[in-house]
Amino acid sequence: MENSLINASQSLRDSEFDILEQNTDKYIETARNVKLYVKDYGKGDPVILIHGWPLSNEMWEYQIDFLVENNYRVIAYDRRGFGKSSQPYNGYDYDTLTDDLKEIIEQLQLENVTLVGFSMGGGEVVRYFSKYKGKGISKAVLISSIIPFLAKTEDNPEGRPKEKGDAAAAAIKEDRIGFLDNFGKIFFGINIINKPLSTPLLEYYRNLCALASPRATLKCAESLNTTDFRDELHTIKVPTLIIHGNDDKNVPIEISSEKTAKAIENNTFIVYDGAPHGLFYTAKDKLNKDLLDFLNS
Numbered sequence: 103m104e105n106s107l108i109n110a111s112q113s114l115r116d117s118e119f120d121i122l123e124q125n126t127d128k129y130i131e132t133a134r135n136v137k138l139y140v141k142d143y144g145k146g147d148p149v150i151l152i153h154g155w156p157l158s159n160e161m162w163e164y165q166i167d168f169l170v171e172n173n174y175r176v177i178a179y180d181r182r183g184f185g186k187s188s189q190p191y192n193g194y195d196y197d198t199l200t201d202d203l204k205e206i207i208e209q210l211q212l213e214n215v216t217l218v219g220f221s222m223g224g225g226e227v228v229r230y231f232s233k234y235k236g237k238g239i240s241k242a243v244l245i246s247s248i249i250p251f252l253a254k255t256e257d258n259p260e261g262r263p264k265e266k267g268d269a270a271a272a273a274i275k276e277d278r279i280g281f282l283d284n285f286g287k288i289f290f291g292i293n294i295i296n297k298p299l300s301t302p303l304l305e306y307y308r309n310l311c312a313l314a315s316p317r318a319t320l321k322c323a324e325s326l327n328t329t330d331f332r333d334e335l336h337t338i339k340v341p342t343l344i345i346h347g348n349d350d351k352n353v354p355i356e357i358s359s360e361k362t363a364k365a366i367e368n369n370t371f372i373v374y375d376g377a378p379h380g381l382f383y384t385a386k387d388k389l390n391k392d393l394l395d396f397l398n399s
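Counting from 1, position 103 in the sequence shown corresponds to residue 205 in our numbering; the numbering is continuous, with no gaps.
Below is the structure:
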């Protein structure tokens with residue numbers, strides 16, 4: 103009897119230790135000399151939040167606590183080259199970025215995962231399904247996503263002209279912080295009559311972007327602007343939530359999520375009227391509710 107009580111007590115302590123070990127920030131080595139900064143909070147089915155360009159996991163500030171408090175385990179990480187993660191010189195193509203995601207899933211031994219990709223992060227979501235058959239994933243969420251293909255080509259005439267991407271790259275090389283300052287205003291839909299966030303908060307987001315490696319900023323911009331995911335969308339077989347604002351000036355809904363919603367069979371498509379690209383803040387309460395409803399469905 104005494105031994106049983108001792109064993110039960112030890113099991114309880116081990117369980118508490120496992121929870122403490124999980125509920126922290128950490129570094130996960132995903133490739134040789136590449137370590138990604140990862141926040142791993144909460145208990146329950148896991149939700150992986152993949153940030154947009156050129157931000158970091160900190161963009162999910164208003165989603166992380168909300169999901170944890172609603173009984174989900176939340177994993178939010180910095181893509182290589184961004185935030186607190188390693189800044190290797192190469193590896194900013196979607197295959198490599200998705201390999202990093204796969205390592206996080208495997209090393210944390212995650213199952214029944216919901217993948218949530220914002221903007222550029224939608225690329226890792228789709229590529230994970232096409233490259234790794236969506237192993238361990240039960241649901242997917244695409245928010246303000248660049249999917250399926252942004253570039254203007256003969257068979258994608260409404261896409262973004264190459265000259266526009268070239269001009270942005272030149273501006274980043276000339277004055278990266280100045281570019282980010284202007285980019286942030288468009289990102290959140292700021293104009294003379296609409297100021298959905300304070301100046302200090304806008305500067306905070308700009309500073310998060312400024313922490314990124316200059317090379318990662320350029321190379322990831324190239325990847326998100328030129329990678330064609332159109333032939334990969336059919337590989338997503340799980341329930342998928344698609345959210346996009348119809349006043350998104352960075353990734354217009356007409357060339358992105360409207361097409362994605364037609365290509366993924368099992369999807370729920372929600373359009374946020376008047377919302378800009380950065381709706382994770384400007385429509386945070388609605389986004390949180392929609393995410394939770396989808397997770398609980």
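Where is the CB? At the ideal position from N, CA and C, for every residue including glycine.
From the DSSP output, read off the bridge partner residues of residue i.
i           : result
residue 346 : 373
residue 253 : 262
Quick check: what's the CA-CA separation for residue i versus residue j?
i           : j           : result
residue 210 : residue 129 : 11 Å
residue 299 : residue 149 : 27 Å
residue 311 : residue 263 : 24 Å
residue 271 : residue 326 : 13 Å
residue 353 : residue 258 : 15 Å
residue 391 : residue 368 : 20 Å
residue 273 : residue 283 : 12 Å
residue 320 : residue 203 : 20 Å
residue 65  : residue 170 : With the chain represented from 103 up to 399, any question about residue 65 goes unanswered, as that position is not in the structure.
residue 370 : residue 205 : 28 Å
residue 135 : residue 188 : 8 Å
Taking the beta strand (DSSP E) that residue i falls in, what are its first and last residues?
i           : result
residue 175 : 175–179
residue 226 : Element bounds for residue 226: not the beta strand (DSSP E) but the alpha helix (DSSP H), 223–234.
residue 148 : 148–152
residue 126 : 126–133
residue 195 : From DSSP, residue 195 is part of no beta strand (DSSP E); its letter is neither H nor E.
residue 143 : 136–143
residue 242 : 239–245
Could you have a look at residue i and say whether DSSP puts it in helix, strand or coil?
i           : result
residue 216 : strand
residue 260 : coil
residue 272 : helix
residue 314 : coil
residue 292 : coil
residue 298 : coil
residue 97  : The structure shown has nothing for residue 97, since the chain only spans 103 to 399.
residue 385 : coil
residue 325 : helix
residue 281 : helix
So residue i packs on residue j, CB below 8 Å; how close in whole Å?
i           : j           : result
residue 158 : residue 247 : About 18 Å separates the two Cβ atoms, so there is no contact after all.
residue 92  : residue 200 : Because the chain in this structure spans residues 103 to 399, residue 92 falls outside the shown range and cannot be described.
residue 382 : residue 389 : 6 Å
residue 357 : residue 260 : 5 Å
residue 386 : residue 288 : Not confirmed; about 19 Å, so no contact.
Taking CB distances under 8 Å as the criterion, tell me whether residue i reaches chain B.
i           : result
residue 250 : Reference to chain B is not applicable here, since this structure consists of a single protein chain.
Ends of the alpha helix (DSSP H) at residue i?
i           : result
residue 364 : 359–365
residue 334 : Counting along the chain, residue 334 falls outside any alpha helix (DSSP H), and DSSP gives it neither H nor E.
residue 163 : 163–171
Does the ligand ZN have even one heavy atom less than 7 Å from the beta-carbon of residue i?
i           : result
residue 377 : For the structure depicted, the ligand ZN is absent and the ligand set is empty, with no information on it obtainable.
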